[in-house]
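> Here it is: the structure, laid out below.
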Amino acid sequence: MDAALNLLKALSEPTRLRLLLLCNKSDLTVSDLTNILSQSQPRLSRHLKILVEAGALRRLAEGQHVYFARNRETRFDGIVQALIDSVSGASAGVRADEERLSATLEARAKLAQGYFNKHAAKWDEVRGSYNDDEQVERAFIEELAAGDAPKVASFLDMGTGTGRILQQAARYVVRGVGIDTNREMLTIARSRLAGPVYRHLLVQEGNIYGLPFEAGQFEAVGLYQVLHFLDEPSRAIKEAGRVLSNKGRLLLVDYARHQREELQRNHAHLWLGFSQEEMEAWFAMAKLRPVTRRVVADAKPHPSGGMAPQACLWVAQKD
Numbered sequence: 426m427d428a429a430l431n432l433l434k435a436l437s438e439p440t441r442l443r444l445l446l447l448c449n450k451s452d453l454t455v456s457d458l459t460n461i462l463s464q465s466q467p468r469l470s471r472h473l474k475i476l477v478e479a480g481a482l483r484r485l486a487e488g489q490h491v492y493f494a495r496n497r498e499t500r501f502d503g504i505v506q507a508l509i510d511s512v513s514g515a516s517a518g519v520r521a522d523e524e525r526l527s528a529t530l531e532a533r534a535k536l537a538q539g540y541f542n543k544h545a546a547k548w549d550e551v552r553g554s555y556n557d558d559e560q561v562e563r564a565f566i567e568e569l570a571a572g573d574a575p576k577v578a579s580f581l582d583m584g585t586g587t588g589r590i591l592q593q594a595a596r597y598v599v600r601g602v603g604i605d606t607n608r609e610m611l612t613i614a615r616s617r618l619a620g621p622v623y624r625h626l627l628v629q630e631g632n633i634y635g636l637p638f639e640a641g642q643f644e645a646v647g648l649y650q651v652l653h654f655l656d657e658p659s660r661a662i663k664e665a666g667r668v669l670s671n672k673g674r675l676l677l678v679d680y681a682r683h684q685r686e687e688l689q690r691n692h693a694h695l696w697l698g699f700s701q702e703e704m705e706a707w708f709a710m711a712k713l714r715p716v717t718r719r720v721v722a723d724a725k726p727h728p729s730g731g732m733a734p735q736a737c738l739w740v741a742q743k744d
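Residue 426 is where the sequence shown starts when you use this note's numbering, and the numbers rise one by one after that.
This is how it looks when you write it as structure tokens:
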């Protein structure tokens, strides 16, 4: 009862309620909130501290930045949602906050797009020359949505990058989280996932060798074209197994074994794909049972000569 009373008390103050409404729509820094609400940073910091302690918001530290987001894990989330529904857009002040939030997110999106345009165009071109990205993504999402339930209750995208896979998965998950160490990519992901249809999705900084989650939290975990960049793939798979719930599934997309050494020389790949034997050994170490392996993009002629590698989808289950 004390926890419920603390939450209700925290939300009874007008500024804190406005903060909750804003952080319900997007992950925001103190600087963002200062600009939107035209209040001092120390004052807002005190209010945010109260909201975090009451369980209404989450505090996500990323280097020099700290983001605040609605905490959807509280057992009182139904009460919080009912409150948000009852007051959203209900006054001129709330609507003005939403307009200033839109302007803040638009400015953030422009900065993110500038970084993406500068750094990602070549990366997309390189990956697209090896496999059809849309075909591979479609196979991944189809597998994610193939379970018995209408939607996956909880999905973790390890190495989420710009959040594209998380965005594609939005229709098929109740809750989705993306983890990455690259702060610039996370900025792009936040911009990509800023719309109202993505409010059930969250991205945050985190190390995939030491995920910031308790064991058994996720019904599905994805590693999409991430493993070949890692110095210790087995550690990432083991950590994925740790956070999977019973009967949870690991979905892993990567290249089959190949000889395209230019990917190591020029594009930071540490591994030239993976064999079935390697994957099965790593699954066993993580106490996962291999379910299936299928080719989701066949080898094709590469513009520089030779054949591009196959892209494969591995699925393993925690029993």
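Ideal Cβ placement from N, Cα and C applies to all residues, glycine included.
State buried or exposed for Glu644, treating a residue as buried only when at least 16 other CB atoms are found within 10 Å of its CB.
Glu644 should be labelled buried.
> Quick test of your reading: Ala486 and Ala435, contact by CB under 8 Å. State the CB separation rounded to the nearest angstrom.
Wrong, their Cβ atoms sit about 21 Å apart, outside the cutoff.
> Kindly give me the distance between the Cβ atoms of Gly641 and Ser670, rounded to whole angstroms, as I take these residues to be in contact under 8 Å.
5 Å
> Helix, strand or coil: how does DSSP classify Ala496 here?
It is Asn, not Ala, that sits at residue 496 in the sequence shown. In the displayed model, Asn496 falls within coil according to three-state DSSP, outside both helix and strand.
> With H, G and I counted as helix, E and B as strand and the rest as coil, what does DSSP make of Val426?
For the record, residue 426 in the displayed sequence is Met; it is not Val. In the structure shown, Met426 sits in coil (DSSP, three-state: anything other than H, G, I, E or B).
> How would you write the range of the alpha helix (DSSP H) that Val628 sits in, first residue to last?
Element bounds for Val628: not the alpha helix (DSSP H) but the beta strand (DSSP E), 626-630.
> Give me the residue from Tyr623, Lys663, Ala693, Val577 with the minimum Cα distance to Gly635.
Nearest C-alpha to Gly635: Lys663.
> Are the segment 585-593 and the segment 654-661 touching, with three or more C-beta to C-beta distances below 8 Å?
no
> If the criterion is Cβ atoms closer than 8 Å, does the pair Gly584 and Leu508 meet it?
no
> So, at 6 Å on beta carbons, what are the nonlocal neighbours of Val477 in its own chain, with the 5 sequence-adjacent residues on each side left out?
Same-chain partners within the cutoff: Arg484.
> Do Pro734 and Ala665 have their beta-carbon atoms positioned less than 8 Å apart in this structure?
no
> According to DSSP, is Glu438 helix, strand or coil?
coil
> Taking 8 Å as the threshold (C-beta atoms), are Tyr492 and Asp557 in contact?
Going by C-beta atoms, Asp557 is not nearer than 8 Å to Tyr492.
> Hey, quick one: how far does the alpha helix (DSSP H) through Trp406 stretch, first residue to last?
Residue 406 is absent from the structure shown; the chain starts at 426 and stops at 744.
> Got a sec? Which residues, its chain only, sit under 7 Å from Ala693 by beta carbon, not counting five neighbours each side?
Counting only Cβ-Cβ distances below 7 Å, and skipping sequence neighbours, we find Phe654.
> Please report the residue range of the alpha helix (DSSP H) in which Lys672 lies.
Membership of Lys672 in any alpha helix (DSSP H) is not indicated; the residue belongs instead to the beta strand (DSSP E) covering 669-680.
> I want to know whether the segment 459-471 touches the segment 561-570 - three or more CB-CB distances under 8 Å.
no
> Which term fits Ala706, buried or exposed, when burial requires 16 or more other beta carbons within 10 angstroms of its beta carbon?
So Ala706 ends up on the exposed side.
> Within its chain, find whatever has a CB closer than 7 Å to the CB of Thr717; leave out the 5 residues flanking it on each side and keep chain order.
Val740
> So, under 8 Å CB-CB, Leu652 and Leu677 are touching, yes? Tell me the CB distance rounded to an integer number of Å.
7 Å
> Could you name each continuous alpha helix (DSSP H) segment of 4 residues or more that falls completely within the segment 559-618, going from the start of the chain to the end?
589-594, 608-617
> Could you check the C-alpha separation between Ala429 and Pro439 for me, to the nearest Å?
18 Å
> So, helix, strand or coil for Arg690, using DSSP?
helix
> Report the rounded CA-to-CA distance for Cys737 versus Val628, giving the unit in angstroms.
26 Å
> From Tyr623 to Phe638, what distance separates their C-alpha atoms?
Rounded to whole angstroms, the separation of the alpha carbons of Phe638 and Tyr623 is 21 Å.
> Give me, in chain order, the residues of the same chain whose beta-carbon lies closer than 6 Å to that of Asn431; leave out the 5 immediate sequence neighbours on both sides.
Ala479
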